[in-house]
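Student:
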Amino acid sequence: TILVTGANGQLGSELTTALKDLFGEEQVIATDIVQPQEASEGPFELLDIQDAERFSALVDKYQVTQIYHLAAILSARGEQNPVQAWDINMNGLLNVLNLAKEKSLKKIYWPSSIAVFGPTTPCDNTPQKTVMEPNTVYGISKLSGELWCQYYFEKFGVDVRSLRYPGLIGYKALPGGGTTDYAVDIYHKAIEGKELECFLSEDSYLPMMYMPDAVRATLELMEAEADKISVHTSYNLGALSFSPKEIYEEIKKHYPDFSIRYQPDFRQAIADTWPNSVDDQQARDDWDWKPEYDLAAMTQDMLDNLKKLKTVSV
Ligand code: VAH
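Be aware that the sequence shown starts at 1058, since it is given in this note's numbering, and climbs by one per residue.
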C-alpha cells in the first residue's frame, strides 16, 4: 500500500490519481491536514505530518510499504513564518525517514526543488552538482532534506528517491504559496477574461514543467531499478523555461485581448536567486528522463482543459 501526504495539494491531487490508476483505488491512502474539498474514491485520512504517533499508526493500520511525502510549506509562504516552515518541512521529512527505517518500508518519494539553488549558483543550465547557498527557508529546508535523504540511504539503506522540480503547472488544483504560482494563475485569468497582475517582472526566467511531465517523471523514477539510481540527494529535472512575457505572448495567441500588468513584490527577490534553466543529463542517463511538453503544447492543453472545467462548473 502507498500512503501520500499532502494529497489535496497541487501535486498531491494529481499524483494520487495517477497512483490509483496504476495500483488500484484501495492501494493508495490519501492523507492531508484538512479534508479534501471534493470527495474522491478510495481511502482518506486526516494527518498532521508532525504527529509521529498518528503517522506510525496509519502506516500500521494500512500496512503501508511506500510513502510519497508531498506535504510542505512552499517558498513564498515560508518567508512569512520561517521557523514554522522549517519545523513543518523538516519534522515531516524526518518522521517519514524514521518510519521507513524502523518499519523497513520499500520506497520513499520526496520532492525537492530548484529552490535548493541560490544567488551564487550558476543560473544557466545549472549543473546537478554545483554551488548551493539557498537564501529562502524553503530552499534551506529542501537542501537539508536532500542531505538527510542521502544520509538515510547510506547509513540505513532506506530507498528514498527525489526530484528537484521546477515550477509546476497544472489545471486540476491550484498551487499555494509558491513563487512560480503566477504561471498557473495566468491561465485562469485569461479564461475568465480578467487582467493578470503579475508579481514577477516581465523578464524573470524560471524553469517550469507541465504537470503530466512531472507526474510521469515521478512514476518513472519510482519504477526504475534501484541500481540505476546514482543520485541519492535529488535529481535535476528540466522541461521548459520561460519568462512572464513569453507565457503571456503565447496565451495571447489564443486570447488576443488578454492583458497583464507587472507588479513585482517580495517574490521577485526569490525568483532572482533561482536558475533560468537546469542541466538534467543525469536523470536522462540514469532512468531515461525526457520531457514532452513545450510552452505551446502546454498552453494549448491547459486552455482546453480549463475551458472544459469552467463550463462544467458554471
Ligand atoms: C515554489 N513551486 O514556488 C515552488 C517551487 C520551483 C519552485 O518548488 O515555491
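Positions of the beta carbon are idealized from the N, C-alpha and C atoms, including for glycine.
Quick check on the DSSP output: what are the complete beta strand (DSSP E) runs of length 3 or more inside the region 1278-1349, in order along the chain?
Tutor: Counting only runs of 3 or more, we get 1297-1299 and 1317-1319.
Student: Output the distance between the C-alpha atoms of residue 1066 and residue 1074, rounded to the nearest integer angstrom.
Tutor: Roughly 12 angstroms separates the two Cα atoms.
Student: In the DSSP assignment, the beta strand (DSSP E) including residue 1057 goes from what residue to what residue?
Tutor: In the structure as shown, the chain begins at 1058 and stops at 1371. Residue 1057 is therefore absent and cannot be evaluated.
Student: Here's a check: name, in chain order, each residue in its chain whose Cβ is nearer than 8 angstroms to the Cβ of residue 1287, leaving out the five neighbours to either side.
Tutor: These residues qualify, in order along the chain: 1339 and 1343.
Student: Taking 6 angstroms as the limit between beta carbons, can you name the residues of its chain near residue 1335, skipping five residues before and five after?
Tutor: Here the set comprises 1183, 1264, 1293 and 1295.
Student: Hey, residue 1223 and residue 1255: beta-carbon distance below 8 angstroms or not?
Tutor: No, they are not a contact pair.
Student: Checking 8 angstroms against the spacing of the C-beta atoms, do residue 1152 and residue 1112 come in under that value?
Tutor: Yes.
Student: From the DSSP output, in three-state form, read off residue 1206 for me.
Tutor: Residue 1206: helix per DSSP, three-state reduction.
Student: Is residue 1195 a contact residue of the ligand VAH, with contact defined as CB to any heavy atom under 7 angstroms?
Tutor: Checking the Cβ of residue 1195 against the ligand VAH gives yes.
Student: Note down the Cα distance separating residue 1156 from residue 1060, rounded to an integer number of angstroms.
Tutor: Going from the Cα of residue 1156 to the Cα of residue 1060 covers about 12 angstroms.
Student: With respect to the beta strand (DSSP E) encompassing residue 1080, which residues constitute its N-terminal and C-terminal limits?
Tutor: Segment 1067-1080 is the alpha helix (DSSP H) holding residue 1080; no beta strand (DSSP E) there.
Student: Here's the rule I'm using: 16 or more other beta-carbon atoms within 10 Å means buried, otherwise exposed. How should residue 1218 be labelled?
Tutor: By the 10 Å Cβ count, residue 1218 comes out buried.
Student: If we count the other Cβ atoms within 10 Å of its Cβ and call it buried at 16 or more, is residue 1138 buried or exposed?
Tutor: Residue 1138 should be labelled exposed.
Student: Based on Cα-Cα distance, which residue from 1108, 1129, 1120 and 1190 lies nearest to residue 1064?
Tutor: Looking at the Cα atoms, 1129 is the closest of the given residues.
Student: Check each candidate in 1187, 1245 and 1085 and name the one with the smallest Cα separation from residue 1316.
Tutor: Residue 1245 is the option with its Cα nearest to residue 1316.
Student: Work out the CA separation of residue 1248 and residue 1368 for me, nearest whole Å.
Tutor: Each residue's alpha carbon lies about 11 angstroms from the other.
Student: When you compare only the Cα positions, how much space is there between residue 1272 and residue 1179?
Tutor: The straight-line gap from Cα to Cα measures roughly 27 angstroms.
Student: Between residue 1192 and the rest of its own chain, which residues show a CB-CB distance below 8 angstroms, the 5 nearest in sequence each way excluded?
Tutor: 1175, 1176 and 1330.
Student: Which whole-angstrom value describes the C-beta separation of residue 1262 and residue 1350, a residue pair presumed to lie in contact below a C-beta threshold of 8 angstroms?
Tutor: Contact flag wrong, Cβ pair sits at about 17 angstroms.
Student: Taking all protein chains shown into account, do 16 or more other C-beta atoms lie within 10 angstroms of the C-beta of residue 1103, making it buried, or fewer, making it exposed?
Tutor: The residue in question, residue 1103, is exposed, as its Cβ has fewer than 16 Cβ neighbours within 10 Å.
Student: Assuming residue 1106 and residue 1149 are in contact, meaning their beta carbons sit under 8 angstroms apart, how far apart are those beta carbons, in whole angstroms?
Tutor: With 8 angstroms as the limit, residue 1106 and residue 1149 qualify as a contact, their Cβ atoms being about 4 angstroms apart.
Student: At what residues does the beta strand (DSSP E) containing residue 1102 begin and finish?
Tutor: Element bounds for residue 1102: 1101-1103.
Student: Mind pulling the beta strand (DSSP E) runs of 3 or more residues that sit fully within the region 1208-1250?
Tutor: Within the region 1208-1250, the complete beta strand (DSSP E) runs of at least 3 residues are 1220-1222 and 1224-1226.
Student: What residue range is occupied by the uninterrupted beta strand (DSSP E) comprising residue 1094?
Tutor: Careful: residue 1094 lies outside any beta strand (DSSP E) and carries neither H nor E.
Student: Out of curiosity, what's the CA-to-CA distance linking residue 1298 and residue 1114?
Tutor: In a straight line, the C-alpha of residue 1298 is about 42 angstroms away from that of residue 1114.
Student: For residue 1210, which residues from the same chain have a beta carbon less than 8 angstroms from its beta carbon, with the 5 sequence-adjacent residues on both sides left out?
Tutor: Only 1216, 1217 and 1289 meet the Cβ criterion.
Student: Under a Cβ-count criterion, where at least 16 other Cβ atoms within 10 Å of its own Cβ denotes burial, should residue 1110 be classed as buried or exposed?
Tutor: Burial call: exposed.
Student: Given this structure, state the Cα-to-Cα distance separating residue 1333 from residue 1181, to the nearest angstrom.
Tutor: Their Cα atoms are separated by approximately 5 angstroms.
Student: Give me the residue from 1251, 1279 and 1282 with the minimum Cα distance to residue 1313.
Tutor: Here the closest residue by C-alpha is 1251.
Student: What is the DSSP secondary structure of residue 1254, reduced to helix, strand or coil?
Tutor: In the structure shown, residue 1254 sits in a strand (DSSP, three-state: E or B).
Student: For the beta strand (DSSP E) containing residue 1106, list its first residue and its last residue.
Tutor: No beta strand (DSSP E) holds residue 1106; DSSP gives it neither H nor E.
Student: Span of the beta strand (DSSP E) holding residue 1264?
Tutor: 1263-1267 is the span of the beta strand (DSSP E), which, as asked, contains residue 1264.
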